[in-house]
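J.:
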Amino acid sequence: MGIEGESIDSSAASVGKSLLATVNVRCSNGSKFSVQIALDATVGAFKTLLAEKSDVPTQQQRLIYKGRILKDEQTLESYGLESDHTVHLVRGAALSTASTNSSANLGTSATGTTAAAPRDASSTDGGDFGGVGSASPLLPGFGASGVFGTGASGLLGSGFPEFDQVQQQLTQNPNMMRDMLNMPAIQNLMNNPDLVRNLIMSNPQMREILDRNPDLAHVLNDPSTLRQTLEAARNPELMREMMRNTDRAMSNIESSPEGFNMLRRMYETVQEPFLNATTMAGNTGGDGSNPFAALLGNQANIQSRDRSTNPSVTDSDVTNGSSPNSNPLPNPWNNAGPTPATNTRSTPTGEARSAVFGGLGVPDLGAGGMPDPSVLSQVLQNPAMAQMMQSMLSNPQYVSQIFNMNPQLRSMMESNTQLREMLQNPEFLRQLASPETLQQVLSLQQSLFTLIGRQQLNQGQNQSNGATGMEHLMQMFGGLGAGVNHGVPSNPDVPPEELYATQLSQLQEMGFFDTQENIRALIATAGNVHAAVERLLGSMGH
Amino acid sequence: MGSEGGGSLVVVPRNFRLLEELERGEKGIGDGTVSYGMDDADDIYMRSWTGTIIGPHNTVHEGRIYQLKLFCDKDYPDSPPTARFQTRINMTCVNQETGMVEPSLFPMLLNWRREYTMEDILIGLKKEMSSPQNRKLHQPLDGNDDQRVEQKGLVLRCAIL
């Protein structure tokens, strides 16, 4: 009894203690006043009290204590506030939702093609909470893809088109993803937070979101989080478990007062821009080309597999996931284009890209014809493209460097000396660079894609070794494509004028006086004067 | 004796010094335009601190709240703490990528003196914000507008996972 009484006393005392504390408030204009408030009150309640005492409406109040910004949902106690302590009151900007929305619109205005953002938005508007809950597991897609999609690009300092391809495959095959993630090279990548940061920052829209949400940035900058993410991606069981946890957390929060609104806010400030960033990323062209989008597709795929029914996954997503065959061939050049623009945050990427390619005279690249093989071949035959490849491949050292960076290619080379010799032979590389070869490689690749898709369909979930082998083969080709393509941002060591000095003079003698035109033709034809003449005559005819 | 007399200007031990700073931070003693406190009340070494600078008036920083991490290693206050902005800021002495305040570009850290406190650093940084070379610098989008609720951060983490 005595003990009981004592405990009651002590609890009463603690309540008494928390009853009223005098808190000094210091405004940013220098004025000071003090208020009395129970320390177990929430910051939100404290703000309401302050709104009466000062002329700052609660929404504009920013409270700072011990260097931290107090959050509405927390209690004053939880920050360690005590009587006679001082809290700083700053008048902040009005509610941030407006700016977030505008940025979301900014994302969508680039193209009207993304179905994801509007769809999800409408589901929240309708008060369908399932929309939020189910949208959130989409984020893991980002987690992994952010890491992935740009992992290599951080490494090479530019868009690395191979990853498009890989991503495309990943969308179709979780096993593959696991394999990839187990690769030591990738793990090294992941353990480097700077790199990840870099790659996230290279997506202007992503960056904007992170700018707006420092905590989120913190999460993303935390290597352990990333590791966890990858761990999850590697292990489907874990992934499922995490999704379940997330859903439960969501419903828990939902049931707490204000929880729904909080989630809604969170959705508005984070999820939507995220989706926009992931689905748009300024890509006006082929839909398989955006790594984030691809991963989102992947996510949808996994989801639909894990839970047989999920209202938020639209039909298009499901079909996208289950029949890999229908996916357009990723455009390996899509990423290369916007690379120069990644630093200029304000420039919409799509615009920048089309500007870049417009300058090069590549027809219609941004318009979205990429999945079409004929357009692809058109691009391949484009002199400018050929020039880029030429310039890259003319430097064997560079090529080998690229190949060394691709772990799979490297292992391939190590096991096959002949291949290495081949790759170090400039003549071979030149051949490789010729549009015809590339086209052949691409068509081969595409047929492989189809083949694999068919195989997967046939075999369902049971992946035979054959299929996996096939994929590796395909990846290799992807690597080749990437290697070939990678020269886009690089400068050739030898200027074409020097490289083709003799051919140039020959052309001059033949009466082709436009040096620039000549160089272009020569580059396109790999220095073959006859072909160049034909090309020049052809262009004159047009 | 003479040399001892010079040294006997009472060398306050690290812990006393930090406790004093902690109290000043909590009670808002001093300038009042900066706020700071310890991150983890259980850390007996009192190493990790958070500071907040309210953007000075008549600069681009007005109305912004900058949060930064201060880390006092065990040799504090003999050597300066490290300061890293958590809020994105464009400022000459701050590394754009990491948010670190570069000691080589911020005289107070470069010529550190034992009497300097974290508050001094914060105030110094605030002064730096209103210096001619910093007051008009274009600033990144306000990242502070909607500081996440901690719970929210947790959910986000979950969501990302």
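Protein chains in written order, with the UniProt record's numbering: chain A, 1 to 542; chain B, 1 to 161. Here a beta-carbon is modelled for each residue, glycine too, at the ideal position from N, C-alpha and C. Being a predicted model, the structure only gives us computed values, none of them experimental.
DSSP state of A/ASN24, grouped into three classes?
T.: One-based indexing of the first sequence puts residue 24 of chain A at position 24. Correct three-state label for A/ASN24: strand.
J.: Pull up the distance between the alpha-carbon of A/LYS71 and that of A/ILE64, whole angstroms please.
T.: Here residue 71 of chain A is taken as the residue at index 71 of the first sequence, counted from 1. Here residue 64 of chain A is taken as the residue at index 64 of the first sequence, counted from 1. It is roughly 9 Å from the alpha-carbon of A/LYS71 to the alpha-carbon of A/ILE64.
J.: Counting only C-beta atoms, is A/THR58 closer than 8 Å to chain B at any point?
T.: Taking the first sequence and counting its residues from 1, the one referred to as residue 58 of chain A is at position 58. Cβ-Cβ to chain B under 8 Å: no for A/THR58.
J.: Apply the 10 Å Cβ neighbour rule to B/TYR76 and answer buried if 16 or more other Cβ atoms are within range, or exposed otherwise.
T.: Within the second sequence, residue 76 of chain B is the residue found at index 76, counting from 1. That one is buried.
J.: Please say whether A/THR42 and A/THR75 have beta carbons closer to each other than 8 Å?
T.: Numbered from 1 along the first sequence, position 75 holds the residue referred to as residue 75 of chain A. Numbered from 1 along the first sequence, position 42 holds the residue referred to as residue 42 of chain A. Yes.
J.: Closest Cβ-Cβ distance between B/ARG114 and chain A: below 8 Å?
T.: As a first step, residue 114 of chain B is located in the second sequence; it is residue number 114 there, counting from the start. Chain A, which has no Cβ nearer than 8 Å to the Cβ of B/ARG114, makes this no.
J.: Would you report the Cα separation of A/GLU534 and A/PRO495, rounded to the nearest angstrom?
T.: For the purposes of this step, residue 534 of chain A is taken as residue 534 along the first sequence, with counting starting at 1. For the purposes of this step, residue 495 of chain A is taken as residue 495 along the first sequence, with counting starting at 1. Using only the alpha carbons, I get a separation of about 23 Å.
J.: Rounded C-beta distance between A/SER88 and A/ARG26? I'm assuming under 8 Å.
T.: The sequence position of residue 88 of chain A within the first sequence is 88, counting from 1. The sequence position of residue 26 of chain A within the first sequence is 26, counting from 1. Position check: residue 88 of chain A holds His in this sequence, whereas Ser was assumed. Yes, they are in contact, since the Cβ atoms of A/HIS88 and A/ARG26 sit about 5 Å apart, within 8 Å.
J.: Below 8 Å on the Cβ atoms is my contact criterion, and I expect B/PRO107 with A/ASP211 to pass it. Report the Cβ-Cβ distance as a whole number of Å.
T.: Counting from 1 along the second sequence, the entry for residue 107 of chain B is found at position 107. Counting from 1 along the first sequence, the entry for residue 211 of chain A is found at position 211. That belief does not hold up - the Cβ atoms of B/PRO107 and A/ASP211 are roughly 29 Å apart, past 8 Å.
J.: Determine the DSSP secondary structure at A/SER78, reduced to helix, strand or coil.
T.: Locating residue 78 of chain A in the first sequence gives position 78, counting from the first residue. The answer is helix: DSSP assigns A/SER78 an H, G or I state.
J.: Do the segment 106-124 of chain B and the segment 76-86 of chain B touch if we need at least three Cβ pairs shorter than 8 Å?
T.: yes
J.: Nearest CA to the CA of B/ASN15: which residue from B/MET46, B/ILE29, B/THR98?
T.: On the second sequence, residue 15 of chain B is found 15 positions in, with the first residue counted as 1. Considering only alpha carbons, the answer is B/MET46.
J.: Going by DSSP, name the residue or residues bridged to B/GLN67.
T.: By 1-based counting over the second sequence, the position of residue 67 of chain B is 67. Its beta-bridge partners are B/THR52.
J.: Taking 8 Å as the threshold (C-beta atoms), are A/LEU39 and A/GLU73 in contact?
T.: As a working note, residue 73 of chain A is residue 73 in the first sequence. As a working note, residue 39 of chain A is residue 39 in the first sequence. The answer is no: Cβ separation not under 8 Å.
J.: Along chain B, in chain order, which residues have C-beta atoms closer than 7 Å to that of A/GLY44?
T.: Residue numbering aside, residue 44 of chain A sits at position 44 when the first sequence is read from its first letter. Result: empty, since nearest Cβ-Cβ is about 10 Å, beyond 7 Å.
J.: Could you tell me whether the Cβ of B/MET38 comes closer than 8 Å to any Cβ of chain D?
T.: Checking the listed chains, one finds no chain D in this structure; the protein chains it contains are A and B.
J.: Across which residues does DSSP place A/ARG62 in a beta bridge pair?
T.: Along the first sequence, read from residue 1 onward, the residue named residue 62 of chain A stands at position 62. A/ARG62 pairs with A/VAL90.
J.: For a cutoff of 8 Å on Cβ pairs, would you count B/SER35 as touching chain A?
T.: Walking along the second sequence from the start, residue 35 of chain B turns up at place 35. It does; some Cβ of chain A falls within 8 Å.
J.: Quick one, which of B/ILE29, B/GLN86, B/TRP49, B/CYS72 has its alpha-carbon nearest B/TYR66's?
T.: To locate residue 66 of chain B, count along the second sequence from 1; it is residue 66. Of the candidates B/ILE29, B/GLN86, B/TRP49, B/CYS72, the one whose C-alpha sits nearest the C-alpha of B/TYR66 is B/GLN86.
J.: Using the Cα positions of A/ALA45 and B/GLU26, report the straight-line distance between them to the nearest angstrom.
T.: Translated into positions along the first sequence, residue 45 of chain A becomes position 45. Translated into positions along the second sequence, residue 26 of chain B becomes position 26. Cα atoms of A/ALA45 and B/GLU26: separation of roughly 21 Å, rounded to the nearest angstrom.
J.: Under a three-way DSSP split, which group does A/PHE33 fall into?
T.: Translated into positions along the first sequence, residue 33 of chain A becomes position 33. Strand, per DSSP.
J.: Please state the DSSP three-state secondary structure of B/ALA83.
T.: Looking up residue 83 of chain B in the second sequence gives position 83. The answer is strand: DSSP assigns B/ALA83 an E or B state.
J.: Which term fits A/VAL90, buried or exposed, when burial requires 16 or more other beta carbons within 10 angstroms of its beta carbon?
T.: As a first step, residue 90 of chain A must be located in the first sequence, where it is residue number 90. A/VAL90 should be labelled buried.
J.: Which whole-angstrom value is the C-beta distance of B/SER48 and B/ASP42, which I expect to be below 8 Å?
T.: Residue mapping note: residue 48 of chain B aligns to position 48 of the second sequence, counting from 1. Residue mapping note: residue 42 of chain B aligns to position 42 of the second sequence, counting from 1. About 11 Å separates the two Cβ atoms, so there is no contact after all.
J.: B/MET129 and B/THR59 - do their beta-carbons sit closer together than 8 Å?
T.: Stepping through the second sequence from its first residue, residue 59 of chain B is reached at position 59. Stepping through the second sequence from its first residue, residue 129 of chain B is reached at position 129. At the C-beta level, B/THR59 and B/MET129 come within 8 Å of one another.
J.: Nearest by alpha-carbon distance to A/LYS66: which of B/CYS72, B/PHE71, B/THR52 is it?
T.: The residue given as residue 66 of chain A occupies position 66 in the first sequence. The shortest C-alpha separation from A/LYS66 is found at B/THR52.
J.: Strictly below 7 Å CB to CB, what residues from chain B border A/ASN37?
T.: For the purposes of this step, residue 37 of chain A is taken as the residue at position 37 of the first sequence. The sequence as given places Ile at residue 37 of chain A; Asn does not occur at that position. Those within 7 Å of A/ILE37 in chain B number zero; the least Cβ separation is about 16 Å.
J.: Should B/PRO81 be flagged as near chain A, meaning a C-beta pair shorter than 8 Å?
T.: For this step, residue 81 of chain B is matched to residue 81 along the second sequence. Contacts with chain A at 8 Å (Cβ-Cβ) do not include B/PRO81.
J.: Does A/SER505 come out as helix, strand or coil in the three-state DSSP assignment?
T.: Working through the first sequence from its first residue, we reach residue 505 of chain A at position 505. Helix.
J.: What separation, rounded to the nearest whole angstrom, lies between the Cα atoms of B/SER104 and A/ALA249?
T.: Start at 1 with the first residue of the second sequence, and residue 104 of chain B comes out as number 104. Start at 1 with the first residue of the first sequence, and residue 249 of chain A comes out as number 249. Looking at the backbone, the Cα of B/SER104 and that of A/ALA249 are separated by about 46 Å.
J.: Start and end of the alpha helix (DSSP H) containing A/VAL43?
T.: As a working mapping, residue 43 of chain A is identified with position 43 in the first sequence. Unbroken alpha helix (DSSP H) run through A/VAL43: 43-53.
J.: Going along chain B, which residues have a C-beta under 7 Å from A/VAL90?
T.: In the first sequence, the residue the question calls residue 90 of chain A occupies position 90. Per Cβ cutoff of 7 Å: ILE54, ILE65.
J.: Is the beta carbon of B/LEU137 closer than 8 Å to that of residue 163 of chain B?
T.: Past the edges of chain B, shown from 1 to 161, lies residue 163 of chain B, and the structure says nothing about it.
J.: Do you know how far the Cα of A/MET242 is from the Cα of A/ASN252?
T.: Here residue 252 of chain A is taken as the residue at index 252 of the first sequence, counted from 1. Here residue 242 of chain A is taken as the residue at index 242 of the first sequence, counted from 1. Whole-angstrom Cα-Cα distance: 15 Å.
J.: Using 10 angstroms around the beta-carbon of A/THR525, count the other beta-carbons present and answer buried if the total reaches 16, otherwise exposed.
T.: The residue labelled residue 525 of chain A in the question sits at position 525 within the first sequence. Its Cβ being crowded by 16 or more others within 10 Å, A/THR525 is buried.
J.: Look at the alpha carbon of B/MET100 and the alpha carbon of B/CYS93, and state the distance between them as a whole number of angstroms.
T.: For the purposes of this step, residue 100 of chain B is taken as residue 100 along the second sequence, with counting starting at 1. For the purposes of this step, residue 93 of chain B is taken as residue 93 along the second sequence, with counting starting at 1. In this model, B/MET100 and B/CYS93 are separated by some 8 Å (Cα to Cα).
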